[in-house]
Amino acid sequence: MTGGSAPVLRRIVVLTSGGDAPGMNAALRAVVRRAVASRVGVLAARRGFQGLVDWDVVPMAASSVAEIVHRGGTVILAGRSQAFVRPEVQAACAARLRDEGVDGLVVIGGDGSLRGALALERLGVPTVGVPGTIDNDLPGTDRSIGFDTAVNTVVEAIDRIRDTATSHERTFVVEVMGRETGFIALHAGLADGAESIVVPEVGVDADGVVERILRGRRRGKLYSIIVVAEGATSGYSLAQKLRERGVEARVTVLGHVQRGGAPSAYDRWLAARLGAAAVDLLRSGRHGVMVGVRGEAVVATDLAEVVSARPPFDRSLWELAQVLSS
Ligand code: F6P
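Note that the numbering used here has the sequence shown beginning at 1115, numbered continuously upward.
In structure tokens form, the structure reads like this:
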């Protein structure tokens, strides 16, 4: 939505919501510093939307975001507010924001958080979303903040598992996050040469996985790594299916390890650009959108569009991974 001739932006609120993602701090820093440089007042709501519900907000200065660009997590805390889901609570938050003289909101988070952002936009709060989730499951951007770091974390973990898998000639099933999508599994599995990548977008084919393991053994391969996305099936269920087919496998569930750690250079770069762009859009009178990147360019996509679809899954990459590891 475009607000015609842009009124002067006076005061914004920023929040980080949903599961934290490496790079959220860097995005917060960019929002705050861009706002301060543009003489826009900036407040941070703590614990995501819950901070609006409780009006737990803190004024931010350029110095408030010093020394955080390299830190994982989010210094203003994150969360999935149960209260904020209720329409009457959302309406009360919108009214409070207006009463407090807030004329812009920046929501840094994933799918659920951007739904909350859209709800407030529809209630008259000019809102811009910044994609912050390790899952990379949002259309309107090539990458979400945190994905690159998470993939690197998974790759590092698999490298370590590979050492012990090789030494003991074992098969390992490594379960990774991604909610309903297989983007982390696909990217990490391709990068790490996993023998099989099991993702919800393709489906679970235990017979196919076993066939690949046995084919590898016939060629003299003494170990196998199978990466499974949590949205396809659990690592333990897959291992059970393999056991029923005569293949013993150890299971590693990487879990929240994937959400922590210092953000990669790419995630910091992305966070800097998108955080600043969110403030720039609000200042220009544009809102109701999520900022994202296409290649090097910053783009904006309607929030309604972002929350109504998933980005396309590149099956050719999955097939390439199969070819390269066979
Ligand atoms: O959306 C990020 C994410 O880490 C997903 O990959 C995962 O399914 C979920 O959050 C885990 O949520 P929680 O931290 O609430 O267990």
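All C-beta atoms in this analysis are idealised placements derived from N, C-alpha and C, irrespective of residue type, glycine included.
Proximity test, residue i beta-carbon vs ligand 1 heavy atom, cut-off 8 Å
| i | result |
| --- | --- |
| residue 1222 | no |
| residue 1135 | yes |
| residue 1087 | There is simply no residue 1087 to check, as the chain begins at 1115 and stops at 1440 in what is shown. |
| residue 1132 | yes |
| residue 1247 | yes |
| residue 1291 | yes |
| residue 1315 | no |
| residue 1370 | yes |
| residue 1373 | yes |
| residue 1344 | yes |
| residue 1382 | no |
| residue 1194 | yes |
CA nearest to the CA of residue i, picked from the options
| i | options | result |
| --- | --- | --- |
| residue 1217 | 1203, 1226, 1127, 1273 | 1127 |
| residue 1329 | 1437, 1223, 1292, 1343 | 1437 |
| residue 1280 | 1312, 1228, 1339, 1296 | 1339 |
| residue 1257 | 1360, 1176, 1382, 1208 | 1382 |
| residue 1435 | 1415, 1186, 1199, 1311 | 1311 |
| residue 1295 | 1239, 1268, 1334, 1344 | 1344 |
| residue 1370 | 1356, 1129, 1292 | 1292 |
| residue 1442 | 1148, 1305, 1170 | Residue numbering for the chain in the displayed model covers 1115 to 1440; residue 1442 lies beyond these limits and cannot be assessed. |
| residue 1119 | 1315, 1421, 1397, 1422 | 1397 |
| residue 1347 | 1131, 1337, 1334, 1316 | 1316 |
| residue 1431 | 1300, 1354, 1380 | 1300 |
Proximity below 9 Å, CB of residue i to CB of residue j
| i | j | result |
| --- | --- | --- |
| residue 1385 | residue 1139 | yes |
| residue 1374 | residue 1136 | yes |
| residue 1287 | residue 1298 | no |
| residue 1324 | residue 1361 | yes |
| residue 1161 | residue 1192 | yes |
| residue 1425 | residue 1263 | no |
| residue 1190 | residue 1165 | yes |
| residue 1414 | residue 1254 | yes |
| residue 1129 | residue 1163 | yes |
| residue 1359 | residue 1320 | yes |
| residue 1389 | residue 1197 | no |
| residue 1174 | residue 1150 | yes |
| residue 1341 | residue 1152 | no |
| residue 1352 | residue 1228 | no |
| residue 1407 | residue 1252 | no |
| residue 1334 | residue 1134 | no |
| residue 1215 | residue 1221 | no |
| residue 1400 | residue 1242 | yes |
| residue 1182 | residue 1236 | no |
Within-9 Å CB hit, residue i to chain B
| i | result |
| --- | --- |
| residue 1296 | No chain B appears in the structure shown, which is made up of a single protein chain. |
Assumed close pair residue i, residue j - CB separation to whole angstroms, cut-off 8 Å
| i | j | result |
| --- | --- | --- |
| residue 1271 | residue 1368 | 6 Å |
| residue 1226 | residue 1194 | 6 Å |
| residue 1404 | residue 1240 | That pair is no contact at about 14 Å. |
| residue 1158 | residue 1171 | 7 Å |
| residue 1283 | residue 1336 | 4 Å |
Residues that DSSP places opposite residue i in a beta bridge
| i | result |
| --- | --- |
| residue 1289 | 1342, 1367 |
| residue 1119 | Note: residue 1119 sits in no beta bridge, so no partner. |
| residue 1158 | 1128, 1172 |
| residue 1245 | 1223 |
| residue 1411 | 1408 |
| residue 1416 | 1403 |
| residue 1421 | Residue 1421 pairs with nothing; no bridge assigned. |
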